[in-house]
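Q: Take this structure, written in structure tokens, and hold onto it; I'll ask about it next.
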Amino acid sequence: MPSADRRLSILGAVWGIGLVSSGWAPFDRATWWMEIAPVLIAFPMLVSLRRRFVFTDLALLLITVHGLVLMLGGTYTYARVPIGFAVQDWLHLARNPYDRFGHLMQGFVPAIVLREVLVLTGVIAAGRVLAITVLAYCLSVSALYELIEFGAAVALGQGADAFLGTQGDPWDTQWDMLMCLFGAALALILLSRSHDGQIARLRSSCPAAAWAGRRFRPAPRP
């Protein structure tokens, strides 16, 4: 497995290119900042934690992809992403579905990341309790994000329309949370087995690490 520094360098390079491309001429600069804010928060956190917690390749790959999804949505706003219009025409939908896809990813990626943290730190072993905890967490994060959107709408008024991306749907908030929950469940169903394999390989590659307990500390470098 490549070192944490090397993998984070790759992630940083991909995100750096994505941010430059996304932010070159976005549809709305204020909306762009709000949409890519999670990327600007996540990368410093990953760098600061790299000595204390080693993520699997699967988790880092999903984090990387999720960042790019956010950047694309920030460039056009979620209601105007071109690939969403293509899917809308193909499936004869009433609205651009990229916003729905973004909220599905909001559950899909954090589900694997949280599952990994809980298992590796020994907080919860794999099983039904782990799955229920992950689903509850993802749904709570989605609800928190909807409250943030509500706050933006109150503070900015019509200036937050592009950020909200409701496209005239009065049930947009409920659909967003449902898609997040669906994404989390889909990730657990499709990826749990392969994720367990990567976690096992990660443990075997760090035999001196203190995996048990609430905090993972990798073996000190020679």
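According to our numbering, the residues represented by the sequence shown are 1455 to 1676, in order. We put the beta carbon where it would ideally sit given N, CA and C, even for glycine.
1. So, under 8 angstroms CB-CB, Thr-1510 and Leu-1656 are touching, yes? Tell me the CB distance rounded to an integer number of Å.
2. Does DSSP classify Asp-1482 as helix, strand or coil?
3. Kindly indicate which residue of Asp-1650, Gly-1637, Gly-1528, Met-1631 has the alpha-carbon position closest to the one of Gly-1472.
4. Measuring alpha carbon to alpha carbon, tell me which of Ser-1646, Trp-1469, Ala-1597, Val-1474 ends up nearest Arg-1582.
5. For the 8 angstroms Cβ check, are there 3 or more pairs between the region 1533-1551 and the region 1628-1636?
6. Roughly how many whole angstroms lie between the Cα atoms of Tyr-1591 and Ser-1476?
7. Indicate whether Leu-1589 and Ala-1638 have their beta-carbon atoms separated by less than 8 angstroms.
8. Are the region 1483-1490 and the region 1534-1543 touching, with three or more C-beta to C-beta distances below 8 angstroms?
9. Could you tell me the alpha carbon to alpha carbon distance between Leu-1618 and Ser-1658, rounded to whole angstroms?
10. Output yes or no for whether 8 angstroms exceeds the beta carbon distance between Leu-1524 and Ile-1566.
11. My output table needs one value for Thr-1575: the three-state DSSP class, helix, strand or coil.
12. According to the Cβ coordinates, are Tyr-1599 and Gln-1560 closer than 8 angstroms?
13. Grab me the residues of Leu-1522's own chain with a C-beta within less than 6 angstroms of its C-beta, minus the 5 sequence neighbours each way, in chain order.
14. Taking the alpha-carbon positions, what's the Ile-1495 to His-1649 distance?
15. Out of curiosity, what's the CA-to-CA distance linking Leu-1558 and Arg-1505?
16. Out of Leu-1635, Leu-1515, Pro-1498, point me to the one whose CA is closest to Leu-1593's CA.
17. According to DSSP, is Thr-1510 helix, strand or coil?
18. Note down, in chain order, each residue of its chain lying with its Cβ closer than 8 angstroms to the Cβ of Pro-1578, except the 5 sequence neighbours on either side.
19. Under three-state DSSP, which class holds Leu-1473?
20. Using a Cβ-Cβ cutoff of less than 8 angstroms, which residues in the same chain neighbour Phe-1481 once the five nearest sequence positions on both sides are dropped?
21. Give me the Cα-Cα distance between Phe-1539 and His-1546, rounded to the nearest whole angstrom.
22. Would you please state the rounded distance, in angstroms, between the beta carbons of Leu-1514 and Val-1563? I believe it to be under 8 angstroms.
23. For Gly-1605, name the three-state secondary structure that DSSP assigns.
A: According to the structure shown:
1. Taking the Cβ atoms as the reference, Thr-1510 lies roughly 5 angstroms from Leu-1656, within the contact range of under 8 angstroms.
2. Secondary structure of Asp-1482 (DSSP, three-state): coil.
3. Out of Asp-1650, Gly-1637, Gly-1528, Met-1631, Gly-1528 has the C-alpha closest to the C-alpha of Gly-1472.
4. For the residues Ser-1646, Trp-1469, Ala-1597, Val-1474, the minimum Cα distance to Arg-1582 belongs to Ser-1646.
5. Fewer than three Cβ pairs drawn from the region 1533-1551 and the region 1628-1636 lie within less than 8 angstroms of each other, which leaves the two stretches out of contact.
6. As the crow flies, the alpha-carbon of Tyr-1591 is around 29 angstroms from that of Ser-1476.
7. Contact: yes.
8. Of all C-beta pairs linking the region 1483-1490 to the region 1534-1543, fewer than three are shorter than 8 angstroms, placing the two stretches out of contact.
9. Any reading at Leu-1618 must be qualified, since the residue scores a pLDDT of 49, below 50, and its modelled position is unreliable; the value itself is stated next. Their backbone Cα atoms lie some 44 angstroms apart in a straight line.
10. Against a cut-off of 8 angstroms, the Cβ pair of Ile-1566 and Leu-1524 comes out as no contact.
11. Correct three-state label for Thr-1575: coil.
12. Taking 8 angstroms as the Cβ cut-off, Tyr-1599 and Gln-1560 qualify as a contacting pair.
13. Exclusion of the five residues before and after Leu-1522 leaves Gly-1472 as the residues of its chain whose Cβ lies within less than 6 angstroms of its Cβ.
14. The straight-line gap from Cα to Cα measures roughly 25 angstroms.
15. For Leu-1558 and Arg-1505, the distance between alpha carbons rounds to 30 angstroms.
16. Considering only Leu-1635, Leu-1515, Pro-1498, the residue with the shortest C-alpha distance to Leu-1593 is Leu-1635.
17. If DSSP states are grouped into helix, strand and coil, Thr-1510 belongs with coil.
18. This sequence places Ile at residue 1578; Pro is not what is there. The answer, listed in chain order, is Leu-1572, Leu-1584, Thr-1587.
19. When DSSP states are grouped into helix, strand and coil, Leu-1473 belongs to the helix group.
20. Contacts found: Thr-1529, Tyr-1530, Thr-1531, Arg-1534, Ala-1616.
21. When rounded, the distance between both Cα atoms is 10 angstroms.
22. Incorrect: roughly 11 angstroms between the Cβ atoms, too far for contact.
23. Helix, per DSSP.
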